[in-house]
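So the structure is just underneath, and the comments pick up after that.
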Amino acid sequence: MTAATGIGSMPGDDAAAVAEATRTVLDSLPDLPHLVELPGRGATASMTGRGLAVLAELGADLQPAGWRLTGGGAGVDHRRARSLLAQDLDVLEEQAQGLSGSFKIQVAGPWTLAATVERPRGDKLLADAGARRELAQALAEGVRDHVRDVRRRLPDVTRLVVQVDEPALAAVLDARVPTASGFGRHRTVHPPEASDALGWVLGAATEAGGEAWVHTCAAGTPLGLLRGAGARGLAVDLSLMTAADHDALGEALEAGDSVVLGIVPTTAAAAGPEAGERALVERVERWLDMLGIDPGTVSGQLLVSPACGLAGADVAWSRRALALSSDTARRLS
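Be aware that the sequence shown starts at 3, since it is given in our numbering, and climbs by one per residue.
And the structure:
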């Protein structure tokens, strides 16, 4: 049957909001709930901060320009990021007692981290081939430990999806990431290197007992590269897909992989008549018809979700967006 899920982020800026968001996700997305992320709490709870919290061995601290590796131990903000992740997992463990079936966690990918974190002496890790390799390997080891920890906390969950978020990958491959001065751009990373580093992280998730997916809400991300690196699921914003992307998603479904179609607007302001449940169902059915795919043959692989994270929504719309995703999936089933 068609299922619904969320991308990860939710609105809120304190511990009470974490508990509320966790309850909302568990109630609204029974088929594939996820660990909530609340970047409204600041840089230590952002996608980059959460990714660094998972990182093994390497330390980081927060500078005026953003996150930077220290070359030594974790700084106070890095420790804060790890503490927030542990607290969120504690809330999840308390509220999800007895949860079985499927669950999803998210982590920033190696190329998004390399494009947003600086080396100890400045400028992005992206500028240094050795540094970005070390980062990817440390992230892979951290993901392995993270998956084991979540499995320990949720012992009855039989399917643990690990969603690797790579919104910056397209910019990395196209040499669109600015240097520290802002006047230049970092050199392109060639696809084989990009695939290898991503593959280390996806492979670590799989080895630890997870099911590796990749999410991107950026246009131009090569979906074939993601699958070649080991992704067994692709989560995308359907409105950004090109004809080639549609073909790649169809190939993924035909190969037995999962596809998450981001179709629900992420804010109330972006919602229009096309955001109703019936219109969303028709949109998915038209997409499947365009690809020549019988809905009944992929119902167990196809999921629907908001187009991206919901951190920019208000609480009311975040609940509505998840409910629309769930209702749309139910009607498609």
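All residues carry an ideal CB built from backbone N, CA and C; glycine is no exception.
Do you know how far the Cα of residue j is from the Cα of residue i?
i: residue 72; j: residue 140; result: 14 Å
i: residue 345; j: residue 137; result: Because the chain is modelled from 3 through 335, residue 345 falls outside the range shown and cannot be assessed.
i: residue 293; j: residue 248; result: 8 Å
i: residue 198; j: residue 24; result: 34 Å
i: residue 311; j: residue 167; result: 11 Å
i: residue 212; j: residue 102; result: 15 Å
i: residue 93; j: residue 16; result: 13 Å
i: residue 91; j: residue 81; result: 15 Å
i: residue 298; j: residue 3; result: 8 Å
i: residue 266; j: residue 184; result: 34 Å
i: residue 107; j: residue 10; result: 8 Å
i: residue 49; j: residue 228; result: 19 Å
i: residue 245; j: residue 253; result: 13 Å
i: residue 162; j: residue 122; result: 34 Å
i: residue 100; j: residue 51; result: 29 Å
i: residue 278; j: residue 287; result: 14 Å
i: residue 188; j: residue 296; result: 44 Å
i: residue 160; j: residue 177; result: 40 Å
i: residue 36; j: residue 6; result: 11 Å
i: residue 129; j: residue 135; result: 11 Å
i: residue 200; j: residue 131; result: 14 Å
i: residue 280; j: residue 95; result: 35 Å
i: residue 32; j: residue 291; result: 27 Å
i: residue 225; j: residue 193; result: 12 Å
i: residue 78; j: residue 47; result: 14 Å
i: residue 289; j: residue 319; result: 25 Å
For the beta strand (DSSP E) that contains residue i, what are its first and last residues?
i: residue 193; result: Here residue 193 belongs to no beta strand (DSSP E); instead the alpha helix (DSSP H) covers 193-209.
i: residue 110; result: 103-110
i: residue 68; result: 68-71
i: residue 213; result: 212-218
i: residue 236; result: 235-239
i: residue 62; result: 62-65
With C-beta atoms as the reference, is residue i less than 8 Å away from residue j?
i: residue 237; j: residue 165; result: yes
i: residue 57; j: residue 186; result: no
i: residue 62; j: residue 70; result: yes
i: residue 150; j: residue 206; result: no
i: residue 170; j: residue 233; result: no
i: residue 40; j: residue 8; result: no
i: residue 300; j: residue 255; result: yes
i: residue 53; j: residue 133; result: no
i: residue 191; j: residue 204; result: no
i: residue 242; j: residue 221; result: yes
i: residue 325; j: residue 268; result: no
i: residue 120; j: residue 68; result: yes
i: residue 105; j: residue 156; result: yes
i: residue 214; j: residue 223; result: no
i: residue 113; j: residue 196; result: yes
i: residue 173; j: residue 179; result: yes
Mind checking which residues open and close the alpha helix (DSSP H) that includes residue i?
i: residue 53; result: 49-56
i: residue 79; result: 78-97
i: residue 20; result: 17-30
i: residue 173; result: 171-175
i: residue 230; result: 225-230
What I want to know is whether the C-beta of residue i ends up closer than 7 Å to one or more non-hydrogen atoms of the ligand ZN.
i: residue 26; result: This structure simply doesn't include the ligand ZN, nor any ligand for that matter.
Excluding five sequence neighbours on each side, which residues of the same chain lie with their C-beta closer than 8 Å to the C-beta of residue i?
i: residue 321; result: 26 and 30
i: residue 20; result: 14, 38, 40, 89, 90 and 93
i: residue 97; result: 21, 24, 25 and 28
i: residue 314; result: 13, 268 and 269
i: residue 65; result: 120
i: residue 126; result: 116, 117, 118, 119, 120, 179, 181, 182 and 188
Quick one: what's got a C-beta closer than 7 Å to residue i's C-beta in the same chain, skipping five residues either side?
i: residue 283; result: 330, 333 and 334
i: residue 239; result: 219, 264, 309 and 310
i: residue 124; result: 182
i: residue 273; result: 267
Which residues in the same chain as residue i place their Cβ atom closer than 6 Å to its Cβ, once the five residues preceding and following it in sequence are excluded?
i: residue 262; result: 237, 305 and 307
i: residue 55; result: 83, 84 and 87
i: residue 260; result: 235 and 303
i: residue 152; result: 107
i: residue 142; result: 202, 203 and 206
i: residue 1; result: The first residue shown for the chain is 3 and the last is 335, placing residue 1 beyond what the model contains.
i: residue 210; result: 146, 149 and 150
i: residue 230; result: 197
(request) At 4 residues or longer, and completely inside the region 246-322: list those alpha helix (DSSP H) runs for me, N to C. (result) List check, alpha helix (DSSP H) in window: 279-293 and 297-300.
(request) At 4 residues or longer, and completely inside the region 126-161: list those alpha helix (DSSP H) runs for me, N to C. (result) For the region 126-161, whole alpha helix (DSSP H) runs of length 4 or above, ordered along the chain, are 131-155.
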